[in-house]
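Numbering (this note's numbering), first residue to last: 71 to 312.
Glycine included, every Cβ here is placed at the ideal spot set by N, Cα and C.
Input: a single structure, listed below in structure tokens.
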């Protein structure tokens, strides 16, 4: 199982005196040259991370989703939970392409868009991420909690069981999509999947069954799975909140 997360507007810089960014210490070495190319293009700009202190991505990212997911506490647990958090979590990064929860990264608010000398960041990162991740994701479950803004970075291969997550709220007998609270519930789902006991889900159906464990916790009142009509589109897991 792979859990693909968005970056976060809420961030905390690494502590004073912490080591600066070292590309050789990041996961997915297939991205090293692209990372170096982008850093060169950003040199001297407001988004240049040169000299900025780093910390684990799990500690740097502090927004609503990450507060609910509690990745630092999962990494601190001995045994399976910490290992699963290290191996399963992928965090989208306009600056670095994709990073792991344990990767040492600087705070960065570089947005998806165009960088002079590089072009659009979606097309820039996509070939490298396909090389780094497609084989890893093939035949596996990919739970994608990114917003549409970061979807252009990487699209799981057709052989993956790709599932996106939608949050709806029941109001006066009707359902509506929620935004801010959706980030919280996506984080709750991420934590649940990393922390729960039992067999790890391997496809959309077993993911839906695993997500139903949140009903007993009171976080949600319903779970629905909408299969995709085409192989190129993801299945959609809908969590219904009260």
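Looking at the strands, I want to know which residues DSSP matches up with residue i.
i           : result
residue 233 : 213 and 305
residue 160 : 74 and 170
residue 176 : 124
residue 184 : 190
Can you tell me the Cα-Cα spacing of residue i and residue j, whole angstroms?
i           : j           : result
residue 155 : residue 227 : 22 Å
residue 96  : residue 126 : 10 Å
residue 93  : residue 214 : 25 Å
residue 137 : residue 218 : 21 Å
residue 88  : residue 311 : 41 Å
residue 181 : residue 245 : 31 Å
residue 255 : residue 158 : 19 Å
residue 149 : residue 210 : 22 Å
residue 191 : residue 302 : 22 Å
residue 163 : residue 153 : 22 Å
Mind reading off the beta-carbon distance from residue i to residue j? Whole number of angstroms is fine, and I expect it under 8 Å.
i           : j           : result
residue 134 : residue 262 : Their Cβ separation, rounded to whole angstroms, is 16 Å, which puts residue 134 and residue 262 out of contact at 8 Å.
residue 124 : residue 80  : Wrong, their Cβ atoms sit about 17 Å apart, outside the cutoff.
residue 307 : residue 235 : 5 Å
residue 78  : residue 131 : 4 Å
residue 168 : residue 98  : 6 Å
Starting from residue i, follow the beta strand (DSSP E) in both directions and report where the run begins and ends.
i           : result
residue 125 : 124 to 126
residue 258 : Segment 250 to 265 is the alpha helix (DSSP H) holding residue 258; no beta strand (DSSP E) there.
residue 279 : Premise fails: residue 279 lies in the alpha helix (DSSP H), 274 to 281, not in any beta strand (DSSP E).
May I ask which residues mark the beginning and end of the alpha helix (DSSP H) holding residue i?
i           : result
residue 291 : Unbroken run through residue 291: none, as it is neither H nor E.
residue 103 : 102 to 112
residue 141 : 141 to 146
Quick one: is residue i near chain B, going by C-beta distance under 9 Å?
i           : result
residue 171 : Structure shown: chain B not included; a single protein chain is present.
Within 10 Å of its beta-carbon, does residue i have 16 or more other beta-carbons around it, so buried, or fewer, so exposed?
i           : result
residue 208 : exposed
residue 229 : exposed
residue 253 : buried
residue 205 : exposed
residue 114 : exposed
residue 86  : exposed
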